[in-house]
Structure formats: structure tokens, C-alpha cells
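J.: A single structure is presented below for examination.
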Amino acid sequence: MKKYLRSIWLTIPVIAGLAFVSFRQDDRLFEIARNLDIYATLFKELNAYYVDEINPNQLIKTSIDNMLRSLDPYTVYYAEDDIEDYMTMTTGKYNGIGAMVNSADGKHTVMMVYEDTPAQKAGLQLGDEITKINGIDLSTREDFDTGKLLKGQTQTSVTLTVKRYGITKPLEISLNRDIVKVTNVPYYGMISEDVGYIDLKDFTATASREVRNAFQELKGKGMKYVVLDLRDNPGGLLNMAIEISNIFIPKGQEIVSTKGKVSEWNKTYTAYNPALDTEIPVVVLTNNRSASAAEIVSGVIQDYDRGVLIGQRTYGKGLVQTTRDLSFNTKMKITTAKYYIPSGRCIQAIDYSHRNDDGSVGKIADSLMTEFKTSNGRSVFDGGGILPDILTEKETYSPLATSLGRNRLFFDYAVKYHFEHPTIKPAKEFHLTDAEYAAFVKWLGDKEYDYTTQVERDLNNLEASAKKEKSLEVIEDQLKALKSKLTHSKDNDLQIFKPEIKQVVEEEIIKHYYLEKGMREASFNEDAEVKAALALFKDSARYNEILKKK
Numbered sequence: 001m002k003k004y005l006r007s008i009w010l011t012i013p014v015i016a017g018l019a020f021v022s023f024r025q026d027d028r029l030f031e032i033a034r035n036l037d038i039y040a041t042l043f044k045e046l047n048a049y050y051v052d053e054i055n056p057n058q059l060i061k062t063s064i065d066n067m068l069r070s071l072d073p074y075t076v077y078y079a080e081d082d083i084e085d086y087m088t089m090t091t092g093k094y095n096g097i098g099a100m101v102n103s104a105d106g107k108h109t110v111m112m113v114y115e116d117t118p119a120q121k122a123g124l125q126l127g128d129e130i131t132k133i134n135g136i137d138l139s140t141r142e143d144f145d146t147g148k149l150l151k152g153q154t155q156t157s158v159t160l161t162v163k164r165y166g167i168t169k170p171l172e173i174s175l176n177r178d179i180v181k182v183t184n185v186p187y188y189g190m191i192s193e194d195v196g197y198i199d200l201k202d203f204t205a206t207a208s209r210e211v212r213n214a215f216q217e218l219k220g221k222g223m224k225y226v227v228l229d230l231r232d233n234p235g236g237l238l239n240m241a242i243e244i245s246n247i248f249i250p251k252g253q254e255i256v257s258t259k260g261k262v263s264e265w266n267k268t269y270t271a272y273n274p275a276l277d278t279e280i281p282v283v284v285l286t287n288n289r290s291a292s293a294a295e296i297v298s299g300v301i302q303d304y305d306r307g308v309l310i311g312q313r314t315y316g317k318g319l320v321q322t323t324r325d326l327s328f329n330t331k332m333k334i335t336t337a338k339y340y341i342p343s344g345r346c347i348q349a350i351d352y353s354h355r356n357d358d359g360s361v362g363k364i365a366d367s368l369m370t371e372f373k374t375s376n377g378r379s380v381f382d383g384g385g386i387l388p389d390i391l392t393e394k395e396t397y398s399p400l401a402t403s404l405g406r407n408r409l410f411f412d413y414a415v416k417y418h419f420e421h422p423t424i425k426p427a428k429e430f431h432l433t434d435a436e437y438a439a440f441v442k443w444l445g446d447k448e449y450d451y452t453t454q455v456e457r458d459l460n461n462l463e464a465s466a467k468k469e470k471s472l473e474v475i476e477d478q479l480k481a482l483k484s485k486l487t488h489s490k491d492n493d494l495q496i497f498k499p500e501i502k503q504v505v506e507e508e509i510i511k512h513y514y515l516e517k518g519m520r521e522a523s524f525n526e527d528a529e530v531k532a533a534l535a536l537f538k539d540s541a542r543y544n545e546i547l548k549k550k
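In C-alpha cells:
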């Protein structure tokens, strides 16, 4: 009898708990229905009585975007008009001409032409200003997205009217749209006698195949070491990260696991193919714009001590997104889980809502980080991206170079140079002479640009602090004297920063002749991370020491 009573008392709380859960669920559904009804009523009243006409589609999209923005940066709504952009993001393909056009100040300028595209084959050039598309005058279209007119079905024709530097009469360029494939690997090649280099910039549906093909081709050319460049790679498809990791990691090894609210979706992914190479020394380059799938690959390489990471701490995006189909051909990409790499760490930034101006997570308190171990027992930590084994300083430009770039003066000069010089030496060999640099400086003479140096900013801050503390009179004369001595001179700065400015001008000019590949080749000699990788490969003892247990 006592046993029977005990079972009754044990059962009652369980039933009560289930009733409470059911009540809470019903209450939650009621709150959702109530708020949706309020929203619909509000929108009807707004549409009926607001003083100006409203655009229902735009207003709804704004409200949805703001709602999702309050959750995390990666849960996104795609309206029907944006589906093509979504497909481009996942597949790397779109129907168009293969040119990047910048629209600013009423001008629509070709900033890049991609190889093997209708734009390149038709002779479109960097610096061309598109004034009409199929006879439509763009000067009458304010805030118009030229991409919508340039894109279209495969083999449909489009006629561009363009202004070209040095040619007074407008040109008409006719071309047929085609499938444009934005490559995941814009460049690969041998950067020394035995070091191969693969630049991976995205993780769309063909990324794994592109990396595999590049790797095998470079091995055929005598590659004994490989640099995998994941800098500025925003990530993409999870399965591509798994397959690319599998190039270096043996079959059956864990690559990544996902954990979220829906337990049925939790999964552990392992390498399911034989690795291409488990022995070749690997260096992975990262920076604070290496994110998501790029962090999975770099983290896997580090966790298995399969290679050395060089660069800066990665972005810190360890959230998994799943695309859900909505009504009327719309979609939502929703954050459904976090991912964990083989050591067990999640690289998601602890606070993804607050970042530095450059997007990095900045310094993280040691107390907020958890220690994990690699296969060899090395210590690695979670809390904010992947920390490289060899840290390098982030590349920064002088205020002068930044101002010249912001005002598009490097680009404009390269357009002029390209017109005046039909050919140049190969990208690896091209350099401006001192006389050519002097010509660039002279060309800048009547151009509008300005900048503030760090010393000038510090002096301005000191003056503001002195005013606030009522002590400006005490140091005013000294401040004026310092400002007089330290106020920048453009002519002097163009000589002081000549090596930096000259390099940027050279790379910009090379881009106009050899496009992306040429610009990448030209940058290797001044690339701090590439030079660090080459030095490390020459010091095998140091390479092996880094991967040993500390």
C-alpha cells in the first residue's frame, strides 16, 4: 500500500509538470497570435491614414529586417526580388556580363572585369563609365541599381553606351549575357621553386573541386609545401568546409559538430573521403575577416596539428545558418546552431553584437576563455575566433594612402596610365621608375584630397582636453608651435611614404592589364604573411617545434 501511495505521489508532479509545459506552450502561441493581430491592424491603419503614400513591400521588409537584426547578424530575410542574390551567394553563379560596376555621384564606373566573361570578351575596360544600358539613360535614374539591368537570361543581348578615357566619342559595346561563375579560387600558382599557393576566397558549391584541382596541379609542378590563403574569406557552405578539410585530414576523422535547439538536427560530420595528402607541410593564412567556413578549415588544421596558422585572429563566427522556404517565393536564413571543431571549442565570439570598427572581436579577457587541447596536446582557446600560431601585424596604410584610395585617385591614375601605355611587363616584373612616380606626384597636383595624421589627431585631442580642463592658455603657445611644425605637407609625405604609395600605384596599374590574378602576383614580395610562410618552410625545425606539445 505504501509503495502504491509513493507511486501516486511520484506521478502527480510529473502530470503537473506536463500540464505546466502545455499551459506555457498554449500561452506562448496565444501571445504570438495576439501580436500578429496587433501588427496586421496597425499596418492597415497606417496604410489607410498615413499622410503620404507608403510602399507596402518596402515597409514590411524594413520591419522584418529590423526584427531579425535584434537577434543576431546572420538571420536574414530574402524577399522575392533578392532571391537571385541569394542564389549567387550559395552557388557563385549568376546570369549577367561579368563586371563589377560602382555607382557614385551619378556615375556608373566599371571597377573590375572578370576573366572569361562576356564583359572581357567584348572589350569592356576598367574605368569605362556606363551612360546607357539598352538605350536607357542612367543619368535620369537616381539611386539606380545598374546590376538589375546588366543581369538577365543567358544569351539575351545587352548594349552598353560607355565613355572611355582618352576617347571623345561614346562607344557602343554589344554583348550577350551568359552564366558568370565567380570563382572561389581566383589565383593559385608556385610562389617559389617548391612552395605552392592557393588563394581561397569563398565557399560556394564548387569550392572543394577548385581547391582539389589547384592542389593536384601544383603537386604536378613540384610543390613540396603549400600555403592556403583564407584571408578575407567570409565563409559559405558547411559541406565545402568539410570537403576542403578532408583534403588534408584522413577519412573518418571528425571535422565539425553542430548543436542547436532542435536536437534532431545536431550532427557530427567526419571526413568521408581519403585525404589527398596527409604529409605535405601546410601554412594557413588568416585575418580578422576570415569567418565561418574559413574558420572551420583553419581550426581543423590547427586542432589536428596538421599545419601552422599565420596572420591575425579570425572573425569569430561559429553560428550555423539554415535556409527555410517561406511563402510567395521568399526565404529566411536562420541561425539554428553553433558549430564545434575537433578540439571541442566553439569559435563564436562571446559577444557578437559589439566589435571593433574593423569587425574584429578585439581583446578577450582570459577569464572568459576556456582551454582546449589539440591532437598533440597544444593549448588552444575558445571565445573569439581562431588565434594563429604565428601572429603578424595587420597591414595598415598611412593616412595619405588611405585618402588617395578613398578619393579613387589610384584607380583614376591607372586608367590614364593604361590609355597611354598599351602594354607593360608581366605582373611579377612591372615596377614604376622614379620618373614615372614623379609623374604621378605631378598629376596629383590639382586633385582634391586631404587627410589627418595620427600626430595631428593627438594634438587636436590634447587641445580639446586642455579647453575642457581650463588649462589651454598655459600650453597654447607650445601647441601652436607644434602644430606649425607638424602640420603635414602633401609633397613631403608623398616622398616620405614613397615606397608604400608606389607599391599601391603599381598594383592598381597591374590590375588594369592583368585583372585579379596579376594584382595578386604583384603583391607577394610585400606580403608579410606570405613572406613569413616562406621563411617558416625554410626552417623545418621551427615548423615542427610549433606543432609539438608545449
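The sequence shown: position 50 = 50 (full-length UniProt numbering), numbered continuously. Virtual Cβ for every residue (Gly too), placed ideally from N, Cα, C. Quick caveat, the model's predicted, so the values are computed rather than measured.
(1) Rounded to a whole number of angstroms, what is the C-alpha to C-alpha distance between residue 388 and residue 314?
(2) For my contact list, residue 343 and residue 303 are in at a C-beta cut-off of 8 Å; report their separation, rounded to the angstrom.
(3) Contact defined as beta carbons within less than 8 Å: I believe residue 376 pairs with residue 305. What is the distance between those atoms, to the nearest angstrom?
(4) Rounded to whole angstroms, what's the CA-CA distance from residue 119 to residue 460? Just pull it up for me.
(5) So, does the stretch 384 to 399 touch the stretch 282 to 291, judging by three or more C-beta pairs under 8 Å?
(6) Measure the beta-carbon distance from residue 432 to residue 506 and round it to whole angstroms, keeping in mind my assumption that it falls under 8 Å.
(7) What is the DSSP secondary structure of residue 1, reduced to helix, strand or coil?
(8) So for residue 501, helix, strand or coil by DSSP?
(9) Does the ligand PLP have even one heavy atom less than 8 Å from the beta-carbon of residue 511?
(10) Given residue 378, which residues of its chain have a CB within under 8 Å of its CB, disregarding the five upstream and five downstream residues?
(11) Near residue 114, which residues of its chain fall below 6 Å by C-beta distance, leaving aside the five closest residues on each side in sequence?
(12) Quick one: what does DSSP say residue 82 is sitting in, helix, strand or coil?
(13) Does residue 152 come out as helix, strand or coil in the three-state DSSP assignment?
(14) Measure the C-alpha to C-alpha separation of residue 111 and residue 508 and round it to an integer number of angstroms.
(15) On the three-state DSSP scale, how would you describe residue 137?
(16) Let me know the secondary structure DSSP gives residue 324 once reduced to three states.
(17) Counting only the same chain and skipping the five closest in sequence on each side, list residues whose C-beta sits under 7 Å from that of residue 398.
(18) Residue 227 bridges to which residues according to DSSP?
(19) Do the CB positions of residue 244 and residue 200 come within less than 9 Å of each other?
(20) For the beta strand (DSSP E) containing residue 111, list its first residue and its last residue.
(21) Take every Cβ of the stretch 408 to 423, pair it with every Cβ of the stretch 459 to 474, and state whether three or more of those distances are shorter than 8 Å.
(22) Skipping 5 residues on each side, what residues in its chain have a beta carbon closer than 8 Å to that of residue 266?
(23) Near residue 427, what residues of its chain come up, given a Cβ to Cβ distance below 7 Å and the 5 sequence neighbours on each side ignored?
(24) My assumption, with CB atoms under 8 Å, is that residue 184 sits in contact with residue 207. Please give the rounded CB distance.
(25) Would you check if the distance between the CB atom of residue 229 and the CB atom of residue 197 is smaller than 9 Å?
(26) Would you say residue 159 and residue 133 are within 9 Å of each other, going by their C-beta atoms?
(27) Starting from residue 50, trace the alpha helix (DSSP H) both ways and give me its first and last residue.
(28) Go to residue 544, then tell me how far its alpha helix (DSSP H) extends in each direction, as first and last residue.
(29) Per DSSP, what kind of secondary structure is residue 493 in: helix, strand or coil?
(30) Buried or exposed for residue 457, please, with buried defined as at least 16 other CB atoms from any protein chain shown within 10 angstroms of its CB.
T.: Straight from the coordinates:
(1) 8 Å
(2) Contact flag correct, Cβ pair sits at about 4 Å.
(3) 4 Å
(4) Straight-line Cα distance between these residues: approximately 48 Å.
(5) Judged by Cβ distances under 8 Å, the stretch 384 to 399 makes contact with the stretch 282 to 291, as three or more pairs qualify.
(6) 6 Å
(7) Any reading at residue 1 needs caution, since the residue's pLDDT is 44, under 50, leaving its predicted position unreliable; the model's value is listed next. Three-state DSSP puts residue 1 in coil, outside helix and strand.
(8) helix
(9) By its list of ligands, the structure shown contains no ligand whatsoever, and the ligand PLP lies outside what it can speak to.
(10) 305, 547, 548, 549, 550
(11) Taken in chain order, the residues that qualify are 98.
(12) helix
(13) Coil, per DSSP.
(14) 11 Å
(15) Residue state, collapsed to three classes: strand.
(16) strand
(17) 497, 500
(18) 197, 283
(19) yes
(20) 107 to 113
(21) no
(22) The beta carbon of residue 266 is closer than 8 Å to those of 257, 258, 259, 260, 337 in its chain, skipping five residues each way along the sequence.
(23) 510, 514, 518, 521, 522
(24) Confirmed, Cβ separation roughly 4 Å.
(25) Contact check for residue 229 against residue 197 passes: the beta carbons are separated by less than 9 Å.
(26) yes
(27) Run containing residue 50: none; DSSP gives neither H nor E here.
(28) For residue 544, the enclosing alpha helix (DSSP H) stretches over residues 540 to 546.
(29) Shown here, residue 493 sits in a helix according to DSSP, grouped into three states.
(30) exposed
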